[in-house]
Each structure stands twice: as structure tokens, then as C-alpha cells.
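In the numbering used here, each residue's number is its place in the sequence shown (first place is 1) plus 697.
Beta carbons are placed, not taken as given, at the ideal position from N, Cα and C, and that holds for glycine.
In what follows, a single structure is set out as C-alpha cells and then discussed.
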Amino acid sequence: MEKGLTGPENPNVSFKAVMREGDPADEIVKVAEEEDVDVIVMGTGKSLVDKHLLGSVSEKVVHYAPCTIHLVRTV
């Protein structure tokens, strides 16, 4: 997974890829709290099923995350 990620060009911006097991929304919120993150960037799904599932995950994250959320539409 790390191989596919590229670093930010701005040295003041850091990012971290995290893999966890469990309910996606709960785990995203937990990591945000544990790592004291400033922003979460989440993609939306490509298919109707993905959009429905990610919609519920993103809705829960938006409700409970301790930081700003940016939702990016996946094409």
C-alpha cells in the first residue's frame, strides 16, 4: 500500500496510511482521535453499492470525527 502513495510537496503537510480491522467508520474516528489529525480525506464509491456503503461510513465519520472532513467524489 505504501508503494502507491506519494509524499506531499509541502514539507509542512504530513500524511499516514493506516490499516485496521473493524467497523470502518469507528476505526477512522479512533485513528483521528489517537493521532490528533487535522483533516480526514475520504473518497466516495464508484458503484451504487459502494456509494451506499461509503455514504453511510462517511456520514458517521462526519458526525463523530474530531476534525475537518473532505469528501472527494471518485470517478
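Write down the C-beta distance between residue i and residue j rounded to the nearest angstrom, noting that I regard them as a contact closer than 8 Å.
i           : j           : result
residue 730 : residue 763 : 6 Å
residue 761 : residue 734 : Going by Cβ atoms, the distance from residue 761 to residue 734 rounds to 13 Å, so no, they are not a contact pair.
residue 767 : residue 738 : 5 Å
At which residues does the alpha helix (DSSP H) containing residue i begin and terminate?
i           : result
residue 726 : 721-732
Are the CB atoms of residue i and residue j nearer to each other than 8 Å?
i           : j           : result
residue 741 : residue 769 : yes
Along the chain, where does the beta strand (DSSP E) containing residue i start, and where does it finish?
i           : result
residue 741 : Counting along the chain, residue 741 falls outside any beta strand (DSSP E), and DSSP gives it neither H nor E.
residue 765 : 765-769
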